[in-house]
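Chains as they are written, first to last, in the numbering used here: chain S, 13 to 288; chain L, 65 to 356; chain E, 26 to 464.
We treat Cβ as the ideally placed atom computed from N, Cα and C, and that holds for glycine.
Scroll down for the structure; my scribbles are underneath it.
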Amino acid sequence: MKRAIAALRWMVLIVAIMVLNAPVIITLITSFKSDAEIVSNASLLVEAPTLVNYVHIFAMSDRFDILHFLWNSVVEASLGTAFALALSLPAAYGIVRFRVGLHWLFPQVVNQRAIPLIIFAIPLYLMYQATGLLDTKLGMAIIVCWVNLPLVLVLLVNAVRDVPIEMDEAARIDGASSWTIVRLVILPLVRQTIASAAVLAFVYAWNEFLFSLILTTRAAVPVTVGASFFFSASGGGVQWGVAAAVMMLSTLPPLLLGLFAYRHIGRSMTSGAIKG
Amino acid sequence: MAAARRSLNSRRDGWFMVSPITAFLIVVLAIPLVVDCIYAVSRVRFETLRAPEFIGFGNFAKVLFDHEFWGAMLFSLRFGLLVTAAEVLLALVLAIFLAPLLAKRSWLIAPLMLPMMVAPALVGLMYRLALHEFVGPIPYYFVLLTGDSPSFLGPDNVFWTLVTIETLQWTPFALLILYTAYQSIATDVREAAELDGPSTWQMLRYIELPLMRPTILAVGFIRFIDSFRVFDNVFTLTGSGAGGNTMSISIYIYEVFFRRNDIGVAVAASIVLLAVSFGLLTLLLRWSERQA
Amino acid sequence: MKSIVQALCSAAALLALSGAAARAEVTVLGWPGGPEEVSLRASAEVYNKTAAADDQVKLIFFNRDNFFDKLQTDLAAGTTEFDANLTATYAVGRYAPFMDPLELPAAAHETFSDGVLKTMQFEGKQYGIPTDLSMHFMYYRSDLIAKLLSDPAWQAKYSEIAKAKLGKDLKPKDPDQWNWDDWAATALFFTKSVNSDSPTRYGTVLQMKNLLFNMMVWHSTARSFGGNWTDASGKVIVDGPGYRAGLQLYKMLYDAGTSPKDSLSYEYAEANAAFGSGQAATMLQWNAALGDLDSKEKTPAVAGKIGTVAPPAGPDGRFTHIHGLGLGINASSKHKAGALKFLNWLATPDAMLGYARSGGSPALQSALVDKIAKERPDLVKIGTFAGQYGFVMNGATSAKTLPIYELQAKQFTGYWAGTQSLDDALKAVSAGMTDLLKK
Chain S
13 MKRAIAALRW MVLIVAIMVL NAPVIITLIT SFKSDAEIVS NASLLVEAPT LVNYVHIFAM
73 SDRFDILHFL WNSVVEASLG TAFALALSLP AAYGIVRFRV GLHWLFPQVV NQRAIPLIIF
133 AIPLYLMYQA TGLLDTKLGM AIIVCWVNLP LVLVLLVNAV RDVPIEMDEA ARIDGASSWT
193 IVRLVILPLV RQTIASAAVL AFVYAWNEFL FSLILTTRAA VPVTVGASFF FSASGGGVQW
253 GVAAAVMMLS TLPPLLLGLF AYRHIGRSMT SGAIKG
Chain L
65 MAAARRSLNS RRDGWFMVSP ITAFLIVVLA IPLVVDCIYA VSRVRFETLR APEFIGFGNF
125 AKVLFDHEFW GAMLFSLRFG LLVTAAEVLL ALVLAIFLAP LLAKRSWLIA PLMLPMMVAP
185 ALVGLMYRLA LHEFVGPIPY YFVLLTGDSP SFLGPDNVFW TLVTIETLQW TPFALLILYT
245 AYQSIATDVR EAAELDGPST WQMLRYIELP LMRPTILAVG FIRFIDSFRV FDNVFTLTGS
305 GAGGNTMSIS IYIYEVFFRR NDIGVAVAAS IVLLAVSFGL LTLLLRWSER QA
Chain E
26 MKSIVQALCS AAALLALSGA AARAEVTVLG WPGGPEEVSL RASAEVYNKT AAADDQVKLI
86 FFNRDNFFDK LQTDLAAGTT EFDANLTATY AVGRYAPFMD PLELPAAAHE TFSDGVLKTM
146 QFEGKQYGIP TDLSMHFMYY RSDLIAKLLS DPAWQAKYSE IAKAKLGKDL KPKDPDQWNW
206 DDWAATALFF TKSVNSDSPT RYGTVLQMKN LLFNMMVWHS TARSFGGNWT DASGKVIVDG
266 PGYRAGLQLY KMLYDAGTSP KDSLSYEYAE ANAAFGSGQA ATMLQWNAAL GDLDSKEKTP
326 AVAGKIGTVA PPAGPDGRFT HIHGLGLGIN ASSKHKAGAL KFLNWLATPD AMLGYARSGG
386 SPALQSALVD KIAKERPDLV KIGTFAGQYG FVMNGATSAK TLPIYELQAK QFTGYWAGTQ
446 SLDDALKAVS AGMTDLLKK
């Protein structure tokens, strides 16, 4: 009985992994098919695996420089994540301990997750144009930071709430200022949450599409937008194989991050740092 | 006296703490917000971005009387509720059922988490390939096994296909957090309960689920907001759909903004949406505080 | 109101971190992805060999799906990121406020006929150099049609199906002689669920996704039944027999199962994949698809077995939608002189011949077409079809063309999907178009 249940668990796990990841698996397999095979063999068994689609992408580097797009994404997502964390940690402390902004700032920030931010696209475009931030990595980092604030702030507010107040009272009696407490007491205690928030924020930043499309032209184009340059729908030739390959390349960094960072998230889980 | 001064001091400290984020939001958003407020009460098109023409609250009337706006709201609401329910249930079942495996081999979480790492815009495109009757493996295996493949994106099924796609991508998010909550139920609580010799079911029903309730609500809330404003994957897969049958509220606003070139109306629609969600969120915060 | 927004913008300017550096070259935004891009690249390379250092042309491209949204934002905000940009017959009115009219060089008239130049005009002014012409072909499987025209058993079955499904006495005909009934009967005949002997699963593949380009593909049908956007006086006349017949034809074909089940989400790429898999016998599709479909490397199942003719005839004659793509000057550009130099060069006969040789599809004067007829026989066909069958709907170069296409796409796909009646769809389009054209 016990063994049967254990076997069932494994089966459920494997099925869950396969089904949840189906689009990625299918795209990965398709990226190894030639154009001819894509239209003749829709199964998941590739008859003649080929790297021609990937070669094609790099052969077009004069046209669309995939490495340049990837680099832009790395810079923009990392900077944006760092900004979001740097702004949110003290704010979370202020909100939890001093209840400053609990009723205006916090809902205001969280609310930004609920509306289509695209309505800010035109005013932001005009502002960026005037300040020279258009098509710059810094400009995009600011955008992805802003997009990520709701999630990061919520996670950090919850984490700071879980830190026993005795910890900072003890420090305060020793004469520490609030900044010092955040840096020396809170930061180490919530670092697991920071790691989880950083991973999630990085992934969301990496996957941002609409603002990147509108606000970049060439110098700061991130890979999600760059990838869409490679396949053209509605009027032009779509090469499914190249499209699949470029989707895999642009998805690979966050996938790898997920694969390696699960430890951080996993550890923060088992230590119970983000309790509900 | 000393206590009062300390609280005054700490109040000031609190303001210090929240000032960077507030300053950031003001610098980034103040101008766009003012411009948007002007746009909301103006007739403005791409041709007149810098010279909007004041028309009062006509845009709001236009939104409130536009049946497409309400159609899109309804789509988003139905989509958001169904997806949230499906994700939370599925994630809860998986989290609890797989917990013994995951506890021993934490690396197994990694492949379960992967779907949420993929850009939703790309997921939509991936399904354009995966669901295509002639080049997509999914219809291929349907034909192989059942002799026929359903019309995934036809008018009867498209809503459910989209619900499934969204659910499959974001169940991992719920799973991750619910598994965390399940794992973090303190051992002594479990051990104390074991003394009464409850069945697994009773344990779950009376001890574990109640302890996880706040997390379940929080996850459900986040996922509801996110799926309510769904855009990227639906937009790249079906657009606004045949006759507008897959038009979410975000797609509605996007299309009014860019395609109908009615910027004032799009902004007004967002303000209506913002007002509704701000009200709901404030109520929810008050309620959750009273609970806590 | 104006001054407030301007004041805000200048307030933002005070926060300036760095001004955009002036570029020492001419930047051209082209149409991405297809043969248009390949040709433009080749042309720019040739031009740059002789151009001065300040006039070197650099090309940029966006993605296609959101191209017009992005371009609209850039132009409306007065971007200086590019100096010349793509324009199209259906968008020329919309972008005209943000672009400079052109003085055509004399050489342009040697290269293009007046009719072709007109595809880039708005209110009498020239806004672009026409680089490519797009239209529709009726693609068919020549091997299957040949058998249909010669096999008596197939012919009998064909007539039987036509009688049963369409209520008409029809015999197989050469595709170049088709009217819409003949096409419908052929589509039914080659549909497995209608005719179990059919070698293909579907008789045709319709592109019915809610997308403006799909309206263009369908328009040739409506036009040949006598439909048009407006009459000569500017009154909207879509709610008439022409549109009705065209819409009902698609609905009948879709409901009868002659087109893949998911056709309501099909656009260019999906349709090509269906036809390229060898499972669809006919397809009304853009001329640009021919290159890929006829290539042995890309779609071996159908390569070498494809015939192309102009779309079938209707009571009003035979028509194909045409539109031009071209390049014009961004009004906010800081390198207008350099951009003009490139465009003027591009409009010369030699430059356009080179453009055609690298794969683009310009509509050239017949004297020029003769020079490359051997390498590009399809250009002859494009020229002939454009001359004989090409049409632009009345009012389809106005500033509201894109929203009108969007409106039609939304309403008509609703009818095809069965979520609203034909009458309601036509009424909504009629009212919406009247409103759009009035403003």
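DSSP places S386/E in no beta strand (DSSP E); its state is neither H nor E.
Under DSSP, F147/E shares a beta bridge with K150/E.
The three-state reading of DSSP puts A305/E in strand, counting E and B together. Burial state of F118/L is exposed, judged by a 10 Å Cβ sphere holding fewer than 16 other Cβ atoms. In the three-state reduction of the DSSP assignment, K83/E falls in the strand class, which pools E and B. By the criterion of a C-beta distance shorter than 7 Å, L212/S is surrounded in its chain by L163, once the five residues flanking it on both sides are discounted. With the criterion set as a beta carbon lying under 7 Å from some beta carbon of chain E, the segment 150 to 170 of chain L has no members that meet it. One alpha carbon belongs to P200/S, the other to T192/S, and they sit about 12 Å apart. Contacts with chain E (Cβ-Cβ distance below 7 Å) from the segment 211 to 245 of chain L involve S215, F216, L217, G218 and P219, listed in chain order. Within chain E, the C-beta atoms nearer than 8 Å to that of V237/S come from N88, in chain order. Going by C-alpha positions, L242/L is about 14 Å away from P164/L. CA-to-CA, the gap between I407/E and S90/S works out to about 51 Å. Shown here for I262/E: same chain residues with a beta carbon closer than 7 Å to its own, the five before and five after excluded, namely N253, T255 and D256 in chain order. Remark: C-beta atoms of A101/E and T426/E do not approach each other more closely than 8 Å. Interface criterion met: the Cβ of T302/L is under 8 Å from a Cβ in chain E. Contact residues of the segment 168 to 202 of chain L toward chain E are R192, L195, H196, E197, F198 and V199 (C-beta to C-beta distance below 8 Å). In this chain, G420/E is not harboured by any beta strand (DSSP E), its DSSP state being neither H nor E.
Look at the beta carbons and you see the segment 170 to 179 of chain S not touching the segment 135 to 150 of chain S: under three pairs across the two are nearer than 8 Å. Residue contact check for L309/E against chain L: no CB pair falls below 8 Å. Annotated three-state conformation of N110/E is strand, per DSSP. Between G301/E and chain S, the shortest Cβ-Cβ separation is below 8 Å.
For the segment 105 to 117 of chain L, the beta-carbon criterion of a distance under 8 Å to any beta-carbon of chain E is satisfied by S106, F110, E111, L113, R114, A115, P116 and E117.
As computed with DSSP, V254/S is found in no beta bridge at all. Contact annotation for G144/S against chain L: no contact, minimum CB-CB distance about 15 Å [criterion: below 8 Å].
Taking 8 Å as the CB threshold, W79/L lines the interface with chain S.
Each residue's CA atom was taken as its position, placing Q251/S and D47/S some 7 Å apart. Non-local beta-carbon contacts of T225/L in its own chain, meaning distances under 7 Å to residues more than five positions away in sequence, involve F216 and L217 in chain order. Close CB contacts of L129/E within its chain, under the 6 Å cut and outside five residues either way in sequence, are with Q151 (chain order).
Straight-line spacing of the CA atoms in V121/S and L161/S works out to 7 Å. As DSSP reads the structure, F416/E sits in a beta bridge with H346/E. One thing to note: V405/E has its Cβ within 8 Å of the Cβ of A398/E. Between P214/L and M180/L the beta-carbon gap is near 27 Å, outside 8 Å, which marks them as no contact. Between the segment 440 to 455 of chain E and the segment 186 to 201 of chain E, the count of Cβ pairs shorter than 8 Å is below three; the stretches do not touch.
With a cutoff of 8 Å on beta-carbon distance, W370/E and Y72/E are scored as near each other. Taking a Cβ-Cβ threshold of 7 Å, none of the residues of chain S is close to E431/E; the smallest such distance is about 13 Å. Look at P57/E: its C-beta is under 8 Å from a C-beta on chain S.
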